[in-house]
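In order, the protein sequence lines correspond to chains L and C.
Its first residue numbered 1, the first sequence is counted upward by one per residue in our numbering.
Its first residue numbered 1001, the second sequence is counted upward by one per residue in our numbering.
There are 2 protein chains.
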Amino acid sequence: MDDRVDLIQEAKRNWDKRGWAESTAMAAATSITRAHQIILARVNDVLAHHGLTFSRYEALVLIGFTKRGALPMGKIGQRLQVHPTSVTNAIDRLEAAGYVTRLPHPTDRRTTLAAITEAGRMTVELATKDLEAIRYGLDTVNAETTTGIVDLLSEVRHSAGDF
Amino acid sequence: MDDRVDLIQEAKRNWDKRGWAESTAMAAATSITRAHQIILARVNDVLAHHGLTFSRYEALVLIGFTKRGALPMGKIGQRLQVHPTSVTNAIDRLEAAGYVTRLPHPTDRRTTLAAITEAGRMTVELATKDLEAIRYGLDTVNAETTTGIVDLLSEVRHSAGDF
DNA sequence: GTGCAATAGTTGGACGTCCAACTATTCTGG
DNA sequence: CCAGAATAGTTGGACGTCCAACTATTGCAC
């Protein structure tokens, strides 16, 4: 059907022809980069209708999952495994959109709590329905493949010290 | 060994508890994001010693693979599947580092050729050896897993229209 | 109980990615 | 043969990520 050549397979062949080692690892690293690019584009397309991006959505969901609907900035960074400045950035924009409010921590004045608003909760529900409709960017992929991706990449994550 | 909880599995559980659908797809999308983050950090760590990043390395290798050691900007973007402006950005920095030179196309004056320099060729060889040593960021992962990642993600790429 | 180390968050800057808009050149259809 | 369409590349701006450096607060060791 498709007589064109897979770009990553083509790169792998060039690697081998050149006598370079680890061409499969190169292909895997490149595949992950490209898959990330594809999925992020799809997900962000959908989330843009709600004034969100994937990273902001992740933060907003995380806050909404807590009992009190609030979480210290630092905790958000730990759970999402991003740098503290990325959290500051995301919460800035969520706050500007009215989805989150910054509150002082009751006992530790160093800490800032990000608290979800009613508008935030509403938006999370709607955005999640939209993301489910596109299977978080994987709607063109078999369910078994999806499961396999989670399994294989968990080895990558765990071997990198993720928990 | 590790009594801590996998963050993505934990997120998946929360999804399910909430009654949200497609929690596996969410886990897959999140896993890809995290794996990308891990691998990019490792690869860029190594490449920084050569004044490179992964995207610049990819462009430089691609140019070096051609017969004449030169490629139009647009072709680079097509092969690496990035936006034309990303190519401009990468070539700007490669040129500043002395790894590439911009040349006018002999017959089409709209086109700019990016040509690799001797320093560029030398650097690609050294950087490639360093990347092989860390298996392009996958040195902590089994070979079978690496192959599996390429296979599974090829379905993602192909189903997205990649060729 | 006090001074220094650790922790929490922010600001400013670098980088890669994308998009919209723009210039320059080439192609093409009537 | 020429006007409009298509192509090639760049600039400027938005966004997410990271790091280094900074302020404010808390904790701890002696």
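Glycine included, each C-beta is placed from N, C-alpha and C at the ideal position.
Nearest to valine 1100 (chain C) (by Cα), restricted to the options C:Gly1120, C:Arg1110, C:Asn1014: Looking from the CA of valine 1100 (chain C), the closest CA among C:Gly1120, C:Arg1110, C:Asn1014 belongs to C:Gly1120.
Of the residues L:Thr146, L:Glu155, L:Ala127, the one placed nearest glycine 51 (chain L), counting alpha carbons only: L:Ala127
Cβ shell of asparagine 44 (chain L) (< 8 angstroms), same chain only, five flanking positions each side left out: Thr53, Phe54
For aspartate 1003 (chain C), three-class secondary structure by DSSP: The predicted model places aspartate 1003 (chain C) with a pLDDT of 46, which falls under 50 and marks its position as unreliable; any figure quoted below should be read in that light. Of the three classes helix, strand and coil, the one that applies to aspartate 1003 (chain C) here is coil, per DSSP.
Segment limits, beta strand (DSSP E) that includes arginine 121 (chain L): From DSSP, arginine 121 (chain L) is part of no beta strand (DSSP E) but of the alpha helix (DSSP H) over 118 to 133.
Option in L:Thr145, L:His49, L:Thr66 with minimal Cα separation from lysine 129 (chain L): L:His49
Same chain, Cβ closer than 6 angstroms to glycine 137 (chain L), five either side skipped, listed in chain order: Ile39, Arg42, Val43
Contacting positions in the stretch 71 to 83 of chain L - beta carbon closer than 7 angstroms to chain C: Arg79, Gln81
Distance between histidine 1036 (chain C) and threonine 33 (chain L) (C-alpha atoms, nearest Å): Rounded to the nearest angstrom, the two C-alpha atoms are 6 angstroms apart.
Same chain, Cβ closer than 6 angstroms to threonine 1030 (chain C), neighbours up to 5 away in sequence not counted: Answer for threonine 1030 (chain C): Ile1008, listed in chain order.
First and last residue of the uninterrupted alpha helix (DSSP H) at leucine 62 (chain L): 54 to 65
Three-state class that DSSP yields for threonine 145 (chain L) in the structure shown: helix
Beta-bridge partners of threonine 1101 (chain C), as assigned by DSSP: C:Ala1115
Paired residues, beta bridge with proline 84 (chain L) - DSSP: Bridge partners of proline 84 (chain L): none, in fact.
Any C-beta of chain C under 8 angstroms from that of glycine 137 (chain L): For glycine 137 (chain L), the nearest beta carbon of chain C is closer than 8 angstroms to its own beta carbon.
Among L:Ala133, L:Pro72, L:Gly148, nearest to aspartate 108 (chain L) - alpha-carbon criterion: Across the set L:Ala133, L:Pro72, L:Gly148, the C-alpha of L:Pro72 shows the shortest separation from the C-alpha of aspartate 108 (chain L).
Within-8 angstroms CB hit, methionine 1026 (chain C) to chain L: yes
Helix, strand or coil at leucine 153 (chain L) [DSSP, three-state]: helix
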